[in-house]
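Since the structure comes first, as structure tokens, the remarks are kept for the end.
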Amino acid sequence: MRKILTVLWPFLLALFGGGLLALCFAPFNWADLVWLAPVLWMAAFWLGKGERRPRRKGFFLGWLAGLAFWSINLKWLATVTGGTYLILAAYLALYFAFFGLFVSSAGNPFRKERPDGTRMAEALRSLGFAALNAGFWCGLEWIRGWMLTGFGWNGLGVAFHDRLPLAQGAELVGVTGLAFLPVFLAGVMVQVGVRLGKGVQAGKMQRHWDFAVAILLLVVCFTYGVFRTVFINRSAGDTLRVLLVQMDIPQSAGHVEWSGEEVHEGYEGETLRALAEVDARNEKRIAEAEGEVELESVDWVVWPEVVLYGILLNGGGDEFALYEPSSSTLQRMREAGVRNLMAGIWEVEAERVEGGLRPTQENGSQYNALLSVNPAGELATHRKQHLVIYGEFIPFVDSVKWLGDIYEKVAGVPWGGNLGRGVGSEGLTLPGAGGEVNIIPSICFEDTVPRVTRKFSKGEREVIVNITNDGWFGTSEGSQQHFDNALFRAIELRRPMLRAANRGVTGAVSATGSLVDYETGKKQVMLDEEEKPFVRGSILTKVKIPERGGPTLYARAGDWFSVLGLVVAVGWMIRCLGCCRGKGKIS
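For the sequence shown, the positions run 10 to 596 when this note's numbering is used.
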């Protein structure tokens, strides 16, 4: 039995560590486990005895840890895909596997017996290997964010979504760079633990300077986060008041829950009700006031993704034509006093014919778009750029027909064709908060793709606007995970975020990633009595548009930190391979 446990314990530790990491995210949200899970992986990778093929074993251990993590973490996908989501989990587990391969070989400080050095030499060596492995992990998260269109979901740094002081470093290194800290600490702790065990056996105790440095780094990061949060909260800015509307309509690929007319009536009715409540509160304040009184106002109204069912024809430039019922809906909103409106719509390329526009007959594309309407009634759109694979496009489906057949079997409806992909880096603008406000647009899962949002951040007076619909995943934790990933865009760019979901999490996020209005202390997110986001109604939010402050380091340089970590780790691996080959072996 003892021999069996000796063989199995690294595998059990890897599986357990992967499962613990999954508990850091919704629906569990035990975020502090992010410090423990990597310790278990490192112990599994480093502390096995007598391994003839450590690299192969490390690869498999990493894959097991990743499979345990993703199988739990992505189970909400089963509401649409059934058990086939495990194919995605198995692919994503490969990134853990490559981490295990590296940590077990070039990143393993115990792969060669070395005589004990001075305390300082041991500490520096420990810090070096910990940093090397942490940098490699960050690099793998960066690769995962763009490989095969990218799926940067729930990196280690996302666990800090409700540990905001530690999340503030995202403005420097992005959310992938935040993963450095827990992996670095884990590497140091395992090495210190080994030395500590040897010291106990030898009856010698000593100071471990590498552990002190690791704790100091944690304190520095926390202190930086607190300082930046206080500074940004106290910075001057103009207030933008935005009404966000959510009807919480269930979605199904094979069944229409609400007709287009019912959706329009729902959003119109809820918007008018909310505006009437604002007017009633203002009248009450005026009646009760003895002097001057500040009245509520609504600068913008934001509706979610594709709630306007009448398509928008785009003939190029500023030439648009709206189908019903979208045209009548926008007209009624203008008559009700809505000055600026944003909403999701299907945009179709059009050509001019006698009497107006018609959809382009040959090679025309349809886009998932964000429509903005200003006080003059002028229309502008942003087309979605990062399309969801097997949701909005299928690679090679025109030439490989069975790919569409797979979609039909899983979704229950025929594949309708690939959507068009938007291009460019120009956002939208609308008046508000005492001037023009530049909009960093994102649609659906684009708010989880930092390389897409950051290219729209160029100057001042900016706000991120996301419209989405997570209704396809029912009332699962997918909506909360989506939102937890998205709020890091506000921190990375230091721009507030407005988010309207048809079903999901609707609310406002400050430039520090907080959901709480700094002035009133109220949470600016739609929740029911059980703190669930699946609620029908609206919320009047306010965000502060910074008066000054150009693009952040992350907005300018992107994932430089993670790329640097990857380059250094790969360089070290090449060096190790060269040394081993020179000695006639590869360890």
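Heads up, the beta-carbon is just placed ideally off N, CA and C, and yes, glycines get one too.
Quantities reported herein were computed from a predicted structural model and do not represent experimental measurements.
If you check the CB distance, Thr-550 and Ala-510 do not come in under 9 Å. Linking Lys-464 to Ala-564 through their CA atoms gives a straight-line distance of about 7 Å.
Val-432 is not a Cβ neighbour of Ile-449, given a cutoff of 9 Å. Boundaries cannot be given for Trp-39, as no alpha helix (DSSP H) includes it and DSSP labels it neither H nor E.
Restricting attention to Ala-188, Thr-238, Leu-225 and Ala-139, the CA atom closest to the CA of Tyr-527 is found in Thr-238.
In the structure shown, Phe-34 adopts coil according to DSSP, grouped into three states. Per DSSP, Val-552 lies in no alpha helix (DSSP H) segment; the continuous beta strand (DSSP E) that holds it begins and ends at 546 to 555. Assignment of beta strand (DSSP E) within the region 497 to 531, counting only whole runs of 3 or more residues, yields 506 to 510 and 516 to 518 in chain order.
Taking a contact to require three or more Cβ pairs closer than 8 Å, the region 501 to 515 and the region 535 to 546 qualify as touching.
Annotated three-state conformation of His-391 is strand, per DSSP.
DSSP places Val-251 within a strand segment (E or B) once states are collapsed to three. In this structure, Arg-65 keeps its C-beta atom at 9 Å or more from the C-beta atom of Tyr-104. Apart from sequence neighbours up to five positions away, the residues of its chain that approach Gly-324 with a beta-carbon distance below 8 Å are Ala-330, Ala-359, Glu-360, Arg-361 and Leu-366, ordered along the chain. Under the three-state reduction of DSSP output, Phe-329 falls in the strand class. Counting along the chain, Asn-323 sits inside the beta strand (DSSP E) bounded by residues 317 to 323. Across the structure, Ala-31 and Leu-149 are spaced so that their CA atoms are roughly 18 Å apart. Inclusion of Ser-466 and Arg-504 in the CB contact set at 9 Å is warranted, their separation being smaller than that value. A distance below 7 Å between beta-carbons, with the five flanking residues on each side excluded, links Ala-223 to the following residues of its chain, in chain order: Phe-193, Leu-194 and Val-197.
Between the alpha carbons of Ile-81 and Ile-295 lies a gap of roughly 54 Å. By the C-beta criterion, the region 300 to 310 is judged to be in contact with the region 279 to 289, since at least 3 inter-stretch pairs fall below 8 Å. Apart from the 5 residues on each side of it in sequence, Val-201 sits with its Cβ closer than 6 Å to the Cβ of His-217 and Phe-220 in its chain, given in chain order. With 16 or more other Cβ atoms inside 10 Å of its own Cβ, Phe-189 counts as buried. Contact between Gly-161 and Val-458 holds: CB atoms are separated by about 7 Å, below the 8 Å threshold. The DSSP assignment places 246 to 255 as complete runs of the beta strand (DSSP E) inside the region 213 to 293, in order along the chain (cut-off: 3 residues). In this chain, Gln-533 is not harboured by any beta strand (DSSP E), its DSSP state being neither H nor E. The beta carbon of Phe-68 lies closer than 7 Å to those of Ala-106, Gly-109 and Leu-110 in the same chain, with the five residues before and after it left out. Rounded to whole angstroms, Phe-497 and Asp-568 show a C-alpha spacing of 13 Å. Less than 9 Å divides the Cβ of Leu-575 from the Cβ of Trp-151.
Counting only the Cα atoms, Val-579 lies some 11 Å from Asn-142. Nearest to Gly-483 by alpha-carbon distance, out of Ile-258, Pro-191, Phe-169 and Arg-392, is Ile-258. Residue range 350 to 362 is occupied by the beta strand (DSSP E) that includes Arg-361. Per DSSP, the beta-bridge partners of Thr-477 are Ala-510.
Of the other Cβ atoms in all chains shown, fewer than 16 fall within 10 Å of the Cβ of Leu-157; this residue is therefore exposed.
CA-to-CA, the gap between Ser-485 and Trp-312 works out to about 22 Å. Under a 10 Å Cβ-count criterion, Leu-502 is classified as buried, with 16 or more other Cβ atoms of the shown protein chains found around its own Cβ.
In this structure, the alpha-carbon of Leu-253 lies about 45 Å from that of Val-577.
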